[in-house]
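Take a look at the structure set out below.
2 protein chains.
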Amino acid sequence: MKYTKATNYALHIMAYFVKQEGKDNLSLQPLASHMNISPTYLSKILTQLVKANLIQSTPGVNGGYSLKKPKTEISFYDIIQAIEGSGALFTCEMNESHACHIEKIMKDAEEKMVNHLKEKRIYDIVLKMS
Amino acid sequence: MKYTKATNYALHIMAYFVKQEGKDNLSLQPLASHMNISPTYLSKILTQLVKANLIQSTPGVNGGYSLKKPKTEISFYDIIQAIEGSGALFTCEMNESHACHIEKIMKDAEEKMVNHLKEKRIYDIVLKMS
DNA sequence: TAATTACAGACAAACACAGTCTGTAATATC
DNA sequence: GATATTACAGACTGTGTTTGTCTGTAATTA
Chain A
28 MKYTKATNYA LHIMAYFVKQ EGKDNLSLQP LASHMNISPT YLSKILTQLV KANLIQSTPG
88 VNGGYSLKKP KTEISFYDII QAIEGSGALF TCEMNESHAC HIEKIMKDAE EKMVNHLKEK
148 RIYDIVLKMS
Chain B
28 MKYTKATNYA LHIMAYFVKQ EGKDNLSLQP LASHMNISPT YLSKILTQLV KANLIQSTPG
88 VNGGYSLKKP KTEISFYDII QAIEGSGALF TCEMNESHAC HIEKIMKDAE EKMVNHLKEK
148 RIYDIVLKMS
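Note that the protein sequences, when read in sequence, are chains A and B. So the mapping is simple: this note's numbering equals the position in the first sequence, first residue as 1, plus 27. So the mapping is simple: this note's numbering equals the position in the second sequence, first residue as 1, plus 27.
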């Protein structure tokens, strides 16, 4: 369970999408200005969110990005996983008798974190602001 | 809250120390063979454990390493922190209105994980094996 | 004094991450 | 159908972190 800068961007981007829901497509350039990131870099993050089916994109003149998944159904975990992938972090390489026990405790710990992130919706953030 | 390879080594090393408690000092070379790491690299990890007061070292002919902290009082978190330091991972860099809310949820999630790791003792691993 | 041990710090290789650049594909408007 | 506008794909670079090695130094015992 990593938490890179890109993930941090993604969380803020999704919060913004939820806030803007119902309005026109958001296109890359304005979004980049608002987020204060370079458009090309932002593009890479958005593409990952598209592939995870959290947002959708339409090319062409009035194209851009918009929410795809219902705004109340998007958890923090969804967003994080969209960026980080399901990279197995806690993998065991040791071949000792106690190895799997150590690994298990680490996995349990991670699961506690993951469960928390699955319960929290990005929509909650928007609610707290209004 | 990182979990590097060095941390993984440290967990296994400490489990081994707990298992061997009461016996003579463990010196670098045999420990390295048992762990299947190079002695010099192992040395760096052990030194960090020494600085964290989890083990103690004595140089000289019959020297080596042995447990310092009581074996039932060593948590997973103690060991992880000895290696990773208290590196603040979830830091917020965005200057948006909802920034701190996102940060808070991430910190809460990490705390869930950390609490789990504080509750689990490395001694539990040894118990499960006997 | 000599052997044995741990310790310190510089060093290099490998990898991951952040961010850029260039070109391509799809859609709408005229 | 041509053109402008949009997103998409992939190579590329720079930087920082991690892993691991090498060399030499300090402390303790025999």
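Ideal placement from N, C-alpha and C gives every residue a C-beta, glycine not left out.
Judged by DSSP in its simplified three-state form, I129(A) adopts helix. At a cut-off of 9 Å between C-beta atoms, L69(A) does not count as an interface residue with respect to chain B. Taking the Cα positions, I110(B) is about 12 Å away from I40(B). Bounds of the alpha helix (DSSP H) holding T34(A) are 32-46. The beta carbons of I101(B) and L81(B) sit about 6 Å from each other, so the pair counts as a contact at 8 Å. I72(A) carries a helical assignment under DSSP once its states are collapsed to helix, strand and coil. Under the three-state reduction of DSSP, L53(B) is assigned to strand. D151(A) belongs to the set of residues whose beta carbon lies under 9 Å from a beta carbon in chain B. Only L38, H39, A42 from the stretch 38-61 of chain B bring a Cβ to less than 7 Å from some Cβ of chain A.
Using a Cβ-Cβ cut-off of 7 Å, L144(B) is close to A136 of chain A, given in chain order. Per the C-alpha coordinates, the member of N89(A), K98(A), K32(A) positioned closest to L154(A) is K98(A). For I101(A), no beta strand (DSSP E) run applies, since DSSP gives it neither H nor E. At a beta-carbon threshold of 7 Å, the residues of chain A lying near I132(B) are F103, K147, ordered along the chain.
Note on geometry: alpha-carbon atoms of M133(A) and D105(B) lie some 13 Å from one another. Counted as a single uninterrupted DSSP element, the alpha helix (DSSP H) harbouring I152(B) occupies residues 149-156. Taken atom to atom, the span from the alpha-carbon of N63(A) to that of G87(B) is near 58 Å.
With a cutoff of 9 Å on beta-carbon distance, L94(B) and Q83(B) are scored as near each other. Taking each of V77(A), L76(A), N89(A) in turn and checking the Cα distance to L53(A), the smallest one comes out for N89(A). Here DSSP, grouped into helix, strand and coil, assigns S84(A) to strand. In the three-state reduction of the DSSP assignment, S60(A) falls in the helix class, which pools H, G and I. With distances taken between CA atoms, E48(B) lies nearest to K96(B) out of K96(B), I72(B), Y36(B). Cα atoms of E130(B) and D51(B): separation of roughly 48 Å, rounded to the nearest angstrom. Around the beta carbon of N142(B), a 10 Å sphere encloses fewer than 16 other beta carbons of the protein chains shown; the residue is thus reported as exposed.
The Cβ-Cβ distance between L38(A) and Y92(A) does not fall below 9 Å. Between K95(A) and chain B, the shortest Cβ-Cβ separation is not below 9 Å. According to the DSSP assignment, G91(A) belongs to the beta strand (DSSP E) that extends over 91-94. Straight-line measurement puts the Cα of Y36(B) at about 33 Å from the Cα of E146(A).
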